[in-house]
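Asks: Below you will find the structure I want to go over with you.
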DNA sequence: TTCATTTCTTGTCCTAGTTCAATGCATGCG
DNA sequence: CGCATGCATTGAACTAGGACAAGAAATGAA
């Protein structure tokens, strides 16, 4: 049950079995049905969720009421609005919603503090996780600015090969920053080579 | 001399004078003339630089040879390509260049390791710095996707009030992801109310 | 001070992507 | 099973912003 998450957290730092045990004891297993909103705008985000199974999206709602998807998380990914709310006591501006029935390990800020006290090496692992997250976001910003819609879509397919089968097209359009109609046009053009 | 950087690093974690002394002893002071490239694409980024004075830009070059500015750093900001190169041994895809004569404190990966051993509380401070960085990048991604060029420019002016006086317009255009010509048109339109 | 180089502005034409609307297609639910 | 709601597709008209070109203004080096 814990093998997935232990593998994930050990990717850049090696832990003793004992340390992993402490880590695992601080996680809360949770199943959530699809279309459940885990975090509303204006709430404090008091969790980091590791996706064991399922698919989640994180999104903003812009001034005109349009959703902009910032992140999809599938198996073995973390999702949270860690960036602001946990450490700054600012309410979140994002929503987090399950798109499929999900299984999570939920990790609370308190548990995280406890973990860092009991096994300080985890501080490092979580810092590196954060760095990778930053790198990915930065890369996405670059793509958003400098690539055409078609290029972005092809890149998306390559990067998330399973996701285009699992989530609705208009979510992918929202992630790419284009209209659902235009994505549809791109797809028909690609299909005809 | 160290007051600026100590204030910066103490923003979310409180340190003993002794700890700050260790930190300061590991920094290297450096002055760099304007238009100097600190990091070329393909190199390893082996520093994190704290800007004491001056202005720096970090940018990608896209497939068509266009520069896309990811970040400006002015006084009291950190700049690095920390996200990839330091921890993954991957060469950097970005350039970092001074736009004005600059004073820095340079912080190397080795010094950072040494610091974390001698004063582990810094691990936490640097993790939080990273989180803020992620939050800012995420916010920018949202703006890039969901706002018009005019809105982005006005937001930029509000957020970096001094920067529009200090750097060339076409750099700002590149940061906003629009052409320099179009920014000029936006500016004349704004000027006429 | 002068000349050269870079930066900014303005105009014209062009295109990638949007908006709106209509239609057919799934799929989930009573 | 039938119906309703959401989803994808397509087309037509529109627009934000880009590309190119040429001139004006600013900066800087000698």
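Residue numbers (my numbering), protein chains in the order written: chain A, -6 to 186; chain B, -6 to 186. In this text, a Cβ means the ideal position worked out from N, Cα and C, and glycines have one as well.
1) In the structure shown, what three-state DSSP assignment does residue 21 of chain B receive?
2) Within 8 Å of any Cβ in chain A, is that where the Cβ of residue 88 of chain B sits?
3) Select from the stretch 128 to 146 of chain B all residues with a C-beta closer than 9 Å to any C-beta belonging to chain A, and list them in chain order.
4) Just the C-alpha distance for residue 4 of chain B and residue 64 of chain A, rounded to the nearest angstrom, thanks.
5) Sorted by chain position, which residues of the same chain lie with C-beta nearer than 8 Å to residue 123 of chain B's C-beta, five sequence neighbours on each side aside?
6) Mind listing which residues of the stretch 100 to 116 of chain A have their C-beta closer than 8 Å to chain B's C-betas, in chain order?
7) Quick one: what does DSSP say residue 128 of chain B is sitting in, helix, strand or coil?
8) Where does residue 4 of chain B sit, in a helix, a strand or coil, going by DSSP?
9) Select from A:-3, A:107, A:73 the residue whose C-alpha is nearest the C-alpha of residue 50 of chain A.
10) So residue 6 of chain A contacts chain B; which residues on that side make the cut at Cβ distance below 7 Å?
11) Tell me where the alpha helix (DSSP H) around residue 159 of chain A begins and ends.
12) Below 8 Å on the Cβ atoms is my contact criterion, and I expect residue 142 of chain A with residue 89 of chain A to pass it. Report the Cβ-Cβ distance as a whole number of Å.
13) Report yes or no: do the stretch 24 to 42 of chain B and the stretch 148 to 159 of chain B share at least 3 C-beta pairs separated by less than 8 Å?
14) List the DSSP bridge partners of residue 95 of chain A.
15) Looking at the strands, I want to know which residues DSSP matches up with residue 50 of chain B.
16) Just mark residue 119 of chain A as buried or exposed, buried being the case when its beta carbon has 16 or more other beta carbons within 10 Å.
17) Measuring CB to CB, does residue 93 of chain A end up less than 8 Å from residue 27 of chain A?
18) Helix, strand or coil for residue 100 of chain B? Go by DSSP, reduced to three states.
Replies: Looking at the atomic coordinates:
1) Start at 1 with the first residue of the second chain, and residue 21 of chain B comes out as number 28. Strand, per DSSP.
2) In the second chain, counting from the first residue as 1, residue 88 of chain B sits at position 95. Not an interface residue.
3) 128, 129, 130, 131, 132, 133, 134, 135, 137, 138, 139, 140, 144
4) Along the second chain, one-based indexing puts residue 4 of chain B at 11. Along the first chain, one-based indexing puts residue 64 of chain A at 71. Approximately 29 Å, taken between the alpha carbons.
5) By one-based count along the second chain, residue 123 of chain B stands at place 130. Taken in chain order, the residues that qualify are 75.
6) 109, 113, 116
7) Residue numbering aside, residue 128 of chain B sits at position 135 when the second chain is read from its first letter. Helix, per DSSP.
8) Taking the first residue of the second chain as position 1, residue 4 of chain B is located at position 11. Here residue 4 of chain B sits in coil by DSSP.
9) Position 57 of the first chain, counted from the first residue, corresponds to residue 50 of chain A. Nearest C-alpha to residue 50 of chain A: A:73.
10) As a first step, residue 6 of chain A is located in the first chain; it is residue number 13 there, counting from the start. None at all; the shortest Cβ gap to chain B is about 11 Å.
11) Along the first chain, one-based indexing puts residue 159 of chain A at 166. Here the alpha helix (DSSP H) through residue 159 of chain A covers 156 to 159.
12) Working through the first chain from its first residue, we reach residue 142 of chain A at position 149. Working through the first chain from its first residue, we reach residue 89 of chain A at position 96. So it is not a contact: roughly 26 Å between Cβ atoms.
13) no
14) Translated into the one-based positions of the first chain, residue 95 of chain A becomes position 102. Bridge partners of residue 95 of chain A: A:25.
15) Taking the first residue of the second chain as position 1, residue 50 of chain B is located at position 57. DSSP output for residue 50 of chain B lists B:65, B:90 as bridge partner(s).
16) Within the first chain, the letter at position 126 stands for residue 119 of chain A. Buried is the call here.
17) Taking the first residue of the first chain as position 1, residue 93 of chain A is located at position 100. Taking the first residue of the first chain as position 1, residue 27 of chain A is located at position 34. Going by C-beta atoms, residue 93 of chain A is nearer than 8 Å to residue 27 of chain A.
18) By 1-based counting over the second chain, the position of residue 100 of chain B is 107. Here residue 100 of chain B sits in strand by DSSP.
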